[in-house]
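I have placed the structure first, in the form of structure tokens, so that the comments after it can refer back to it.
Numbering (full-length UniProt numbering), first residue to last: 1 to 199.
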């Protein structure tokens, strides 16, 4: 029996190629992680923790049939981050996009917009998903704004959803896009990509 989400390469038209994560990506991910900066609410690795992070993400996708991708910028071939399809619920044709992080050099470019377009296209058009979720820390206002710009709607807040390593509790904001909303969201992403057409 095949997996609902197979580890295939996804390619955008201009900005990115998404490659299924492998151990061979560790040096490039470590270099990208060195350019992340101080983002306390992300799950981005550091250069030192990149090997352990890769093994943890690969173990996660083995248990829930998800796929973690490295994001390679098409203009120069440099790995600039990672994102995952996970929390796969094949029976109900749902999954989550998350564990996303980018190096500073990729921010405020077309990289994130095209990454989301490619991943959402795969989820809705190839896998036939009926809903795709996004979750983020309540205090991650940058991520929340980015998710809302995609056209995702807020479903609610899971209070004290996670206990973090520093002893604090994470309130998780849950968003989703439905299959009936996807055509409008796709048009919005294509429009926003056009704004980055010249870099």
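For each residue, glycine too, the CB sits at the ideal point set by N, CA and C.
Out of 3, 60, 51 and 162, point me to the one whose CA is closest to residue 24's CA. Residue 24 sits at position 24 when you count from the first residue of the chain shown. The option with the nearest alpha carbon to residue 24 is 51.
Does the distance from the C-beta atom of residue 97 to that of residue 83 stay below 8 Å? Here residue 97 is taken as the residue at index 97 of the chain shown, counted from 1. Here residue 83 is taken as the residue at index 83 of the chain shown, counted from 1. Yes, the Cβ-Cβ distance between residue 97 and residue 83 is below 8 Å.
By a C-beta neighbour count over all protein chains shown, 10 Å radius and 16 as the cutoff for buried, is residue 92 buried or exposed? Numbered from 1 along the chain shown, position 92 holds the residue referred to as residue 92. Answer is exposed; the Cβ neighbour count stays below 16.
Best match in 94, 139 and 107 for proximity to residue 5 [C-alpha to C-alpha]: Along the chain shown, one-based indexing puts residue 5 at 5. The shortest Cα separation from residue 5 among 94, 139 and 107 belongs to 94.
Between the beta-carbon of residue 189 and the beta-carbon of residue 150, is there less than 8 Å? Counting from one through the chain shown, the residue named residue 189 turns up at place 189. Counting from one through the chain shown, the residue named residue 150 turns up at place 150. In this structure, residue 150 lies closer than 8 Å to residue 189 by Cβ.
Based on the DSSP secondary-structure assignment, which residues constitute the bridge partners of residue 96? Translated into positions along the chain shown, residue 96 becomes position 96. Looking at the DSSP assignment, residue 96 forms a beta bridge with 86 and 133.
Check each candidate in 104, 99 and 66 and name the one with the smallest Cα separation from residue 2. One-based indexing of the chain shown puts residue 2 at position 2. Nearest option by C-alpha distance: 66.
What first and last residue would you give for the beta strand (DSSP E) that runs through residue 63? Locating residue 63 in the chain shown gives position 63, where the first residue counts as 1. No beta strand (DSSP E) holds residue 63; the alpha helix (DSSP H) holding it covers 50–64.
Taking one C-beta from the stretch 120–139 and one from the stretch 168–176 each time, how about it: are there three or more such pairs within less than 8 Å? yes
Selection from 181, 68 and 19 that minimises the alpha carbon distance to residue 125: Translated into the one-based positions of the chain shown, residue 125 becomes position 125. Among 181, 68 and 19, the Cα nearest to that of residue 125 is on 181.
Quick check on DSSP: helix, strand or coil for residue 78? Mapped onto the chain shown, residue 78 falls at position 78. Coil.
Look at the Cβ atom of residue 46, then the Cβ atom of residue 33, and state whether they are nearer than 8 Å. Position 46 of the chain shown, counted from the first residue, corresponds to residue 46. Position 33 of the chain shown, counted from the first residue, corresponds to residue 33. Going by C-beta atoms, residue 46 is nearer than 8 Å to residue 33.
Please state the DSSP three-state secondary structure of residue 161. Translated into positions along the chain shown, residue 161 becomes position 161. Here residue 161 sits in strand by DSSP.
Which of the three DSSP states, helix, strand or coil, is assigned to residue 15? Within the chain shown, numbered from 1, the residue matching residue 15 stands at position 15. Note: residue 15 maps to coil in three-state DSSP.
Just reading off the alpha helix (DSSP H) that residue 120 is part of, what are its end residues? Translated into positions along the chain shown, residue 120 becomes position 120. Where residue 120 is concerned, the enclosing alpha helix (DSSP H) stretches over 111–121.
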